[in-house]
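Sequential numbering of the sequence shown, starting at 1, is according to the UniProt record's numbering. Using N, Cα and C, we set each Cβ at its ideal position, and we do this for glycine too. Just so you know, these numbers come straight off a predicted model, no measurement behind them. So the structure is just underneath, and the comments pick up after that.
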Amino acid sequence: MYSWYFPKDSPVTGLGHRHDWEHVVVWVDDIKLDSPSIIAVSPSAHSGYNIYYPPESNTIDGYSAKVDYSSSWVVINHALDSTTDAGETQDLIMWDQLTDAARTALENTDFGDANVPMKDGNFLTKVGNAYYA
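Below, the structure written as structure tokens:
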């Protein structure tokens, strides 16, 4: 699971809300392999998921899933989805690499209706809901 925090989620000025967490679950065939293959991608969208099993080959770049955050004022929508567009990579910080203080803050901070997907009380449910089969 890869997660992003947004301090304000607003498709247009005056609309939207404070705090948002979006995430994507990337499924691989065998974590024991040196070079596992991506077999499914599940980007979050409005507390649900768009599930791509198998993902289109042009939405994968080597060992990376291409994911886009988009917003639209027409339908007042903001979500993650797979994309064919080239993008940038971002540094990965593993849960275990966070300090105890950072993990505690993520576990206990009230983000309103936005749920921290990787905290203990949410992680297994989110992964289960994103499952591709």
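Nearest-angstrom beta carbon gap, residue j and residue i [assumed within contact, 8 Å]
i, j, result
"residue 59", "residue 84", "6 Å"
"residue 127", "residue 1", "7 Å"
Buried/exposed call for residue i, threshold 16 Cβ in 10 Å
i, result
"residue 118", "buried"
"residue 78", "buried"
"residue 107", "exposed"
"residue 52", "buried"
"residue 93", "exposed"
Sequence-distant residues of its chain with Cβ nearer than 6 Å to residue i (five each side left out)
i, result
"residue 6", "20"
"residue 63", "none"
"residue 41", "26, 52, 55, 65, 82"
"residue 69", "80"
Same chain, Cβ closer than 8 Å to residue i, neighbours up to 5 away in sequence not counted
i, result
"residue 56", "82, 84"
"residue 98", "106"
"residue 61", "86"
Contact check, residue i vs residue j, beta carbons under 7 Å
i, j, result
"residue 132", "residue 4", "no"
"residue 25", "residue 101", "no"
"residue 8", "residue 18", "yes"
"residue 178", "residue 67", "Residue 178 lies beyond the stretch modelled for the chain, which goes from 1 to 133, so this question has no answer here."
Cβ neighbours of residue i in the same chain (closer than 7 Å, five flanking residues each side left out)
i, result
"residue 96", "none"
Enumerated in chain order, which unbroken segments of the beta strand (DSSP E) with a length of 3 residues or greater are wholly contained in the segment 15 to 72? Under the rule that a run must span 3 or more residues, the beta strand (DSSP E) segments found entirely inside the segment 15 to 72 read 17 to 28, 38 to 45, 67 to 72.
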